[in-house]
Amino acid sequence: MIRYRDASAADLPAIDAIFRTSFVATFGSLYKPDDLAAFLGGFTPEAWAAELARPGMAARLAEDEAGAIGFCKIGPVSLPVEPGPPTIELRQLYLLERGQGTGAAQALMDWAIGKARTQGGARLVLSVYVDNHRARRFYERHGFVEIGRYEFRVGNHIDDDRLMSLTL
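In the UniProt record's numbering, the protein residues as written are 1 to 168.
This is the structure:
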């Protein structure tokens with residue numbers, strides 16, 4: 001059984017572990033070791049804490065009997081999207097492999113959409129790697145549409161990401 005709760009500062013080590021494990025498992029082979037190390041090096045305990053403490057930031061944790069399996073984080077927009085209606089950014093949605101196929105991604109997305117609405121958002125935006133077809137299909141099933149391109153930096157490597165938007 002999966003349990004969900006709002007994440008707190010005490011959960012940051014678990015969030016960091018999920019992020020690193022999932023990111024490396026999904027994308028690690030795309031990068032030179034130095035680029036990957038530089039990127040992951042930016043995710044310090046202090047950086048995680050500062051981000052979670054920002055006004056408008058919210059995070060949700062998914063846990064099973066063995067511990068944390070995933071998280072979702074929303075907050076103020078940092079992506080280069082056109083001005084428009086009040087907008088919230090889906091900053092991260094990551095699951096460990098054991099959390100895939102459990103419904104946790106759906107529950108975390110439902111939370112993100114609902115939370116963005118309660119924060120006054122009229123639109124939810126995100127970026128996704130162009131070749132992350134599984135994630136793109138997931139977002140499209142939820143009504144997200146592509147609205148542009150985004151250069152996502154991993155060390156000195158630049159990925160081709162897509163910006164996506166959902167009208168709330």
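Where is the CB? At the ideal position from N, CA and C, for every residue including glycine.
If distances are taken between C-alpha atoms only, which option among the options comes closest to residue i?
i: Q100; options: G75, L90, P86 and E63; result: E63
i: L17; options: I147, A107 and I69; result: Per the sequence presented here, residue 17 reads as Ala, with Leu not at that position. Nearest C-alpha to A17: I69.
i: P76; options: R141, A116 and T21; result: A116
i: E51; options: S127, V125, A9 and T21; result: A9
i: Q92; options: V81, A105 and G84; result: A105
i: M109; options: A25, L166, F23 and P83; result: L166
i: L124; options: R60, F144, D161 and F138; result: F144
So, residue i versus residue j, is the Cβ gap smaller than 9 angstroms?
i: G56; j: I15; result: no
i: I74; j: A58; result: yes
i: F27; j: Y150; result: no
i: A135; j: L168; result: no
Enumerate in chain order the residues of its own chain whose CB-to-CB distance from residue i is below 8 angstroms, with the five nearest sequence positions on each side excluded.
i: R98; result: D64, A66 and I69
i: P45; result: L12, P13 and D16
i: V81; result: T87, V125, I147, G148, L163 and S165
In its own chain, which residues sit with a C-beta less than 7 angstroms from the C-beta of residue i, not counting the 5 before and 5 after it?
i: S78; result: E89
i: residue 213; result: Since the first residue of the chain shown is 1 and the last is 168, residue 213 is not available in this structure.
i: R141; result: none
* Minimum length 3: unbroken beta strand (DSSP E) runs contained in the stretch 14 to 47 -> none
* To do: Decide yes or no for the touch test of the stretch 148 to 155 against the stretch 27 to 37: beta carbon pairs closer than 8 angstroms, at least 3 of them.
  => yes
* At 3 residues or longer, and completely inside the stretch 54 to 114: list those beta strand (DSSP E) runs for me, N to C. => 58 to 64, 67 to 75 and 87 to 95
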